[in-house]
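Undergrad: Numbers 85 to 178, taken from my numbering, label the letters of the sequence shown in order.
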Amino acid sequence: RFDSKKEAARWQELLLLQRAGKISRLNRQVTYQLIPSQYINGKCVERACNYVADFVYWQNGKLVVEDTKGKKTPEYIIKRKLMLQVYGIRIKET
């Protein structure tokens with residue numbers, strides 16, 4: 085399942101690019117942990133904060149993390165900034 089028709093169409097494009105050898109190691113819904121769970125006295129007081137990338141693949145020897153966006157929510161913008169801070173990854177927005 086896809087969150088939108090745009091995301092489903094992009095998946096089909098990426099599959100074609102992979103078949104043509106333009107990209108490799110294509111994956112969907114890859115999770116990146118941005119902030120780990122936090123515990124006090126062994127009890128979880130804050131759950132982990134994760135970003136789930138729509139697509140992840142390799143192109144020209146570089147990792148590409150891609151998100152198909154319709155609307156950029158405040159939550160997404162914070163997670164985008166955390167991806168750059170924590171992993172040094174700029175999300176490609178389509």
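Cβ atoms here follow ideal geometry from the backbone N, Cα and C, with glycine treated the same way. The model shown is predicted, which means the values in this text are computed figures rather than measured ones.
Considering only DSSP beta bridges, list what residue 125 is partnered with.
TA: According to DSSP, residue pairing for residue 125 in a beta bridge does not occur.
Undergrad: Nearest CA to the CA of residue 92: which residue from 151, 130, 107, 134?
TA: 151
Undergrad: With distances taken between CB atoms, is the gap from residue 133 to residue 124 smaller than 8 Å?
TA: no
Undergrad: Is residue 163 helix, strand or coil by DSSP?
TA: helix
Undergrad: At what residues does the alpha helix (DSSP H) containing residue 90 begin and finish?
TA: 89-103
Undergrad: Could you give the C-beta distance for residue 130 and residue 117, rounded to a whole number, given that I count them as a contact under 8 Å?
TA: The Cβ separation is near 13 Å, so there is no contact.
Undergrad: Among 127, 96, 107, 140, which has the Cα closest to the Cα of residue 114?
TA: 140
Undergrad: Under 8 Å by Cβ, that's how I've got residue 112 and residue 138 pegged, so tell me the actual separation to the nearest angstrom.
TA: That pair is a contact at about 7 Å.
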